[in-house]
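Note sheet for the following structure.
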Amino acid sequence: MDEDEVASILGESSSNYAASARPAVPQRGENRAFDRYFDETTAHYDPSEVDFQELRRAAWATWRINPPANFSGNDRADEDDDELARALALSAQEHFSRPTSRQPSVTIGDGDEDDELRRAIALSEEEARAPKRRKRDETPEEERKMLAEAMAASLAESETHSAGPSRPSTQSSTSTIKDKSTTPAPASAAQQSEPVTAPALRIGGQIIDRAQLERERRERQAARQAASGASTPIPSIASVNSRPQPGPARISGMSSIASTSTSSAGPSAPRASQSAIHPLQGSGPFPNDAAGEYYPDGELRHVALKIGEPSTERTFSPKEVVGKHSQISLIIMSSYVIDDMWIMEKEILPPPEDVPTIIVRPHPRDKQDYNGKIQAHPNGEMWAYPKMTSTFGSAHMKYYWILYKTGRLRVVISTANMVDYDWEEIENTVFVQDFLPLPTIRPLRADNRTHDFPLQFAHLFNHTRIDTALRNMLRLHPNASHIKFRPDDNFADMGKFDWSKVKVRLVLSIPQTLTGHDEIAKYGMGRLSHVLNEEGWVPGNDEKLDVEYQNSSLGNYKIDWLDKFHAMILGKTSQELMNRPKPKELPDIRVLYPTLANVEQSILGKEGGGTMFCKKAFNNTTRHLFRDARSKRGGVLMHSKMLIAIFEPKENRLGVEKSASTPKKSVKRKVDELKDDVGGWVYVGSHNFSSAAWGNINVKKNPPTESINNYEIGIVFPLDRSNARAAADRIAPYKRPALRYTAGDVPWDFWTGTDETPCL
């Protein structure tokens, strides 16, 4: 038994497991062999100083899974008992250091052999006794604070770089973080006693109380409703966000969220003509198995809202995305923000005691030593904290890998966090594709274009230490026998699935500084350019790009960065940027972002715009790029991120600014030449339109570099030339064409828009 296993076993010992899944610790006299074993291994402890009940729970967890040989007849060597005793001693020592904590979790370090363990007492006594999942640190209110903090840091970094030398290499940043993460930080008073109340957040010199903000937000909403009267009913935040009390009446079923909608905006069957032009929507009916409906060709839909105007489009609810709980064998998921109480009360995910669950999420900002670590929780859940190489980025990915007992794999790429309002009150977009098992495993090959999709995930999983989390899960979870997926040999088990129907390409961003053209092509805008070139999704010599980017959080738009980004989405490589002349004007990229008036007139008003940030993106120089983003469902704000690029003849640039005209004969192409041709492409994912998400390429260095701050994930797919514009209209969650900002329009910003101050 290695140290990882011993520590993880101790970490799972808890009454936090459901009673049916975790038998109670036997009282003295009920199991004499265990009594004798416990007495011998703890004989040297002083009863006046040690919580023997805590030690007994830890020892019992190990005894059930791996009884020592000399007490149970097991053939394992006696040194296992010595190892256990040492682990118990370590657990007791840490227990003394945090007297208010009663329930250990295990944090697994990032050493080469995954044997550096860090045991942290993470749960309070109240949570330890409650038969429910541990409440996560971040509440829904946290997202706007985390976004704002990351943006403020990113903007500060951008200004620093524009005024000074180029960004230092990742090596120095990484080494600094490594030194911090491998050295345990002294426990502060705040860490020793962790109250259940929501913690305050510090942004710059300002202390912000999330709970107080939420109370004030609800009071303002109630006051506005009272003032509006019965003639203009507005769905209240309280009614939309109301949560049922825990109990036997908890919502269940595949369509509970849609069926309990407070408006008529639920899903319905789409018109056949609509599905025909959507490249990632089938007309149905879709196949079913024991786990539910599935989509072997891929399906892109928007979320099922509880507000807004009725729609004929099919939508996704979170329960439809997850599928039947009893048929799930493993969940690997990532989200920037997670509301655990909503997940539990609405039964969005199965209990982690029943279904092995690995969650990739940002590490707590006040616990930097968790950066890049794996944390095992007593309820069976594993948390993977992605390694951040600087203080300016965020782990912003939203994806799911769901393996079912039917043998099917579901992969989900989403713009929605695991919070109620992202699925019920604000536009988001979700891509789902299911992959059926092959009769025999087929090794993945880099030269197979469809295998690029799983190979990208294999690299991401290794980078975020899903391999380590999964190995521990396979050893320790009571239902590990249901998991038919292992991380060995660079996730070779991905070859069990049929990837032949993949029609999208994956685009990742991973925080680091990439050096050289080949490395730049792996992530961020370099990866997007590489995909477009490899697939041939680029405009012809007689064409130009008509492009618009709808997103919820804007960057700091400098002419140099915008010019490079525009070049990359044209399919230019980093090599082609080397001798590029200095840009004299901004490239024509329409930025779709809501105006202040738009937000004020929306169903939820300003309180609904809490995750939208403009900051310094809008000024007199960039004003002409801005367009008002308005949902097709009316009065709904948008958290989706979508980049639409359409190829158009240079002599006939269609769009809202210029009227259409007949193209010259020289640029006309025969109908048969246009058949099956690509007329544009769409990106959907977590990337906002910022350098933190897409990276910043520095071609002044030799070799050139690309610096990326965030973890991001998204898909890109082509549009058929014969109906590219109609398909884009169908795919977008917003009204097209988007209208240009008028002279009096200013963009909404959560921090400045609340007092109606333009974000200039």
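With the working numbering applied, the sequence shown corresponds to residues 566 to 1325, in that order.
No residue lacks a Cβ here, since even glycine has one placed at the ideal position from N, Cα and C.
Quick caveat, the model's predicted, so the values are computed rather than measured.
Backbone CA spacing between residue i and residue j [nearest angstrom]
i: Asp1032; j: Lys952; result: 14 Å
i: Asp1153; j: Arg1305; result: 13 Å
i: Tyr964; j: Asn936; result: 20 Å
i: Gly857; j: Met1143; result: 51 Å
i: Ile1198; j: Ser876; result: Note that residue 1198 is Arg in the sequence shown, not Ile. Near 7 Å, if we compare the C-alpha coordinates of Ser876 and Arg1198.
i: Arg1192; j: Trp1126; result: 20 Å
i: Leu1202; j: Phe1178; result: 13 Å
i: Arg1195; j: Gly1060; result: 42 Å
i: Ser882; j: Pro861; result: 18 Å
i: Pro850; j: Ile1296; result: 20 Å
i: Pro1004; j: Leu1035; result: 24 Å
i: Thr1186; j: Lys1149; result: 12 Å
i: Gly863; j: Tyr1299; result: 22 Å
i: His1042; j: Phe1130; result: 45 Å
i: Asn1098; j: Lys1215; result: 20 Å
i: Pro1008; j: Ala1057; result: 7 Å
i: Ala941; j: Ala598; result: 29 Å
i: Glu918; j: Asp1017; result: 33 Å
i: Pro916; j: Met898; result: 14 Å
DSSP three-state assignment for residue i, whether helix, strand or coil
i: Gly1250; result: strand
i: Ala981; result: coil
i: Ile991; result: coil
i: Pro1002; result: strand
i: Trp948; result: strand
i: Ile872; result: coil
i: Asp1111; result: strand
i: Met962; result: coil
i: Ile514; result: Because the chain in this structure spans residues 566 to 1325, residue 514 falls outside the shown range and cannot be described.
i: Leu1142; result: helix
i: Val886; result: helix
i: Leu1304; result: strand
i: Val1243; result: strand
i: Met898; result: strand
i: Pro1312; result: strand
i: Ser848; result: coil
i: Val920; result: coil
i: Asp1053; result: helix
i: Val976; result: strand
i: Arg1155; result: strand
i: Gly1328; result: Residue 1328 is absent from the structure shown; the chain starts at 566 and stops at 1325.
i: Gln892; result: helix
Beta carbon of residue i nearer than 7 Å to that of residue j
i: Lys1068; j: Asn1121; result: no
i: Ala1292; j: Ile978; result: no
i: Leu974; j: Phe996; result: no
i: Glu878; j: Ser1205; result: no
i: Ile1134; j: Leu1151; result: no
i: Met962; j: Ile903; result: no
i: Val1281; j: Arg1070; result: yes
i: Asp854; j: Thr971; result: yes
i: Ala1289; j: Gly1250; result: no
i: Val925; j: Thr1029; result: yes
i: Leu1020; j: Leu968; result: no
Nearest candidate by alpha-carbon position, reference residue i, set the options
i: Ala1257; options: Val1103, Ile1075, Met1038, Ile1048; result: Ile1075
i: Trp948; options: Pro921, Ile967, Leu968, Gly958; result: Pro921
i: Asp931; options: Arg621, Ser1118, Thr956; result: Thr956
i: Trp1259; options: Gly958, Ala1289, Tyr859; result: Gly958
i: Asn1267; options: Leu1208, Val1112, Gly849, Ser1139; result: Ser1139
i: Leu1079; options: Val1072, Tyr1088, Leu1073; result: Tyr1088
i: Gly1309; options: Leu1169, His1047, Thr1176, Ala1162; result: Ala1162
i: Glu912; options: Val925, Asp987, Ser891, Asn1044; result: Ser891
i: Arg1155; options: Gly1136, Ser1118, Asp1111; result: Asp1111
i: Tyr1114; options: Val976, Ala1303, Asn1288; result: Ala1303
i: Leu1190; options: Asp1294, Gly1200, Leu1157; result: Leu1157
i: Gly1175; options: Ile893, Gln933, Glu990; result: Glu990
i: Arg1092; options: Ser1065, Ile1262, Asp1012; result: Ile1262
Minimum Cβ-Cβ distance from residue i to chain C less than 7 Å
i: Lys1087; result: You won't find chain C in this structure, because it holds only one protein chain.
Residue i Cβ short of 6 Å to the ligand SAM heavy atom set
i: Glu1108; result: Judged by which ligands are present, the structure shown has none, so any question about the ligand SAM falls away.
Original post:
For the region 1250-1293, which segments carrying the beta strand (DSSP E) assignment without a break, of at least 3 residues, lie completely within its bounds, in sequence order?
Top reply: 1261-1263, 1270-1273, 1277-1285
Original post:
Fully enclosed by the region 1157-1224, which alpha helix (DSSP H) runs are 4 residues long or longer?
Top reply: 1161-1166
Original post:
Which residue spans inside the region 1006-1046 form an unbroken alpha helix (DSSP H) run of at least 4?
Top reply: 1017-1028, 1031-1041
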